[in-house]
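Enquirer: Each residue of the sequence shown is one higher than the one before, counting from 3 in our numbering. My questions all concern the structure below.
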Amino acid sequence: MRLVSWNVNGIRAAQKKGFLNFMEGAGADFVGVQETKAWPDQLDEAVRDIKGFQSYWSKCARKGYSGTAAFSKAPVAEFSDGIGIEAYDSEGRFCITKINDVTIYNVYFPNGASGKVRHNFKMSFLTDFLAHLKRKIDSGEKLIVMGDYNVAPQDVDVYDPIKLAKTSGFLPEEKDWFQSFLKAGFVDTFRHFHPNRKNVYSWWNQIERARVGNRGWRIDMICVTQNLIPQLKAADIWDKVEGSDHCPVLAEIDI
3 MRLVSWNVNG IRAAQKKGFL NFMEGAGADF VGVQETKAWP DQLDEAVRDI KGFQSYWSKC
63 ARKGYSGTAA FSKAPVAEFS DGIGIEAYDS EGRFCITKIN DVTIYNVYFP NGASGKVRHN
123 FKMSFLTDFL AHLKRKIDSG EKLIVMGDYN VAPQDVDVYD PIKLAKTSGF LPEEKDWFQS
183 FLKAGFVDTF RHFHPNRKNV YSWWNQIERA RVGNRGWRID MICVTQNLIP QLKAADIWDK
243 VEGSDHCPVL AEIDI
């Protein structure tokens, strides 16, 4: 099963840049998108109901902000648009589906770059979400967490670790959280297959036209619990795909 995660930076804008063509040609069985920036009733039917997929939407209470969606070819047994914490769920950050015995969390993690308030919100989100996941792991569940993590885990995951050392998304406390996430029982699928691969990123600052010089960050990931490693077949980053300031990432897993 090919799973793809992509922060589309506005699904209506992405539609104009070839999103439907991507969906047709990607060979994906499951696609999780983040930052839809729209409610379903604002979208063309062609996007709401993509041929061959069932769609699931998690909308932000404030239109034009955040939001996630999932498109699945496989039957979905369960769907939820939150983890039971209103401050996070009201921003449409979770689109959670269950396929067979695997729960897939499609998540748009908060960006903390706008100031102290949102940084604190982000750190609370990370703490609370990890506590939620640990409870699931303790009960033996198989989990996939895909999405825009808004955290670059290691020096190799940013174009200039020295320059960016005090930048949101690469702060020590954020990287420490990601290590705690891995220690809790998760595997970064891309690094599982490509532990030393360099200069491959999933996000580039549009304002700085950073994609031109590949001045990027790897902040979009698909991570799985360790009990899914035997079913994990491949992982990659499609950094040549355009249409957003992010590019798609993928993993192939037997589900």
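The C-beta atom is built at its ideal place from N, Cα and C for all residues, glycine as well. Here the structure is a predicted model, which means the values were calculated and not measured.
Since SER57 sits in a beta bridge, which residues does DSSP pair it with?
Expert: SER57 is bridged to PHE73.
Enquirer: Rank LEU145, SER204, ALA79, SER126 by C-alpha distance to the C-alpha of ILE239 and give the top, closest one.
Expert: Residue SER204 is the option with its Cα nearest to ILE239.
Enquirer: Please look up how many angstroms separate the CB atoms of ARG64 and SER57, rounded, as I've assumed it's under 8 angstroms.
Expert: With 8 angstroms as the limit, ARG64 and SER57 do not qualify as a contact, their Cβ atoms being about 21 angstroms apart.
Enquirer: Since VAL147 and PHE180 are thought to touch, with beta carbons under 8 angstroms apart, how far apart are those beta carbons, to the nearest angstrom?
Expert: At roughly 11 angstroms, the Cβ-Cβ gap does not stay under 8 angstroms, so VAL147 and PHE180 are not in contact.
Enquirer: In the DSSP assignment, find the unbroken alpha helix (DSSP H) run with ILE13 in it and report its ends.
Expert: That run of the alpha helix (DSSP H) goes 13 to 18.
Enquirer: By the 10 Å Cβ neighbour count, where 16 or more other Cβ atoms means buried, how is ALA48 classified, buried or exposed?
Expert: Result: exposed.
Enquirer: Report the rounded CA-to-CA distance for GLU80 versus ALA72, giving the unit in angstroms.
Expert: Those two C-alpha atoms are separated by around 12 angstroms.
Enquirer: So, helix, strand or coil for ASN122, using DSSP?
Expert: Helix.
Enquirer: Can you pull the DSSP bridge partners for SER201?
Expert: A quick correction: the sequence has Asn, not Ser, at residue 201. ASN201 pairs with nothing; no bridge assigned.
Enquirer: Along the beta strand (DSSP E) that carries ARG4, what are the first and last residues, could you check?
Expert: Note, ARG4: beta strand (DSSP E), 4 to 9.
Enquirer: Please look up how many angstroms separate the CB atoms of VAL10 and ALA28, rounded, as I've assumed it's under 8 angstroms.
Expert: At roughly 13 angstroms, the Cβ-Cβ gap does not stay under 8 angstroms, so VAL10 and ALA28 are not in contact.
Enquirer: Considering only DSSP beta bridges, list what ILE146 is partnered with.
Expert: Answer by DSSP bridge pairing, in chain order: ILE106, VAL226.
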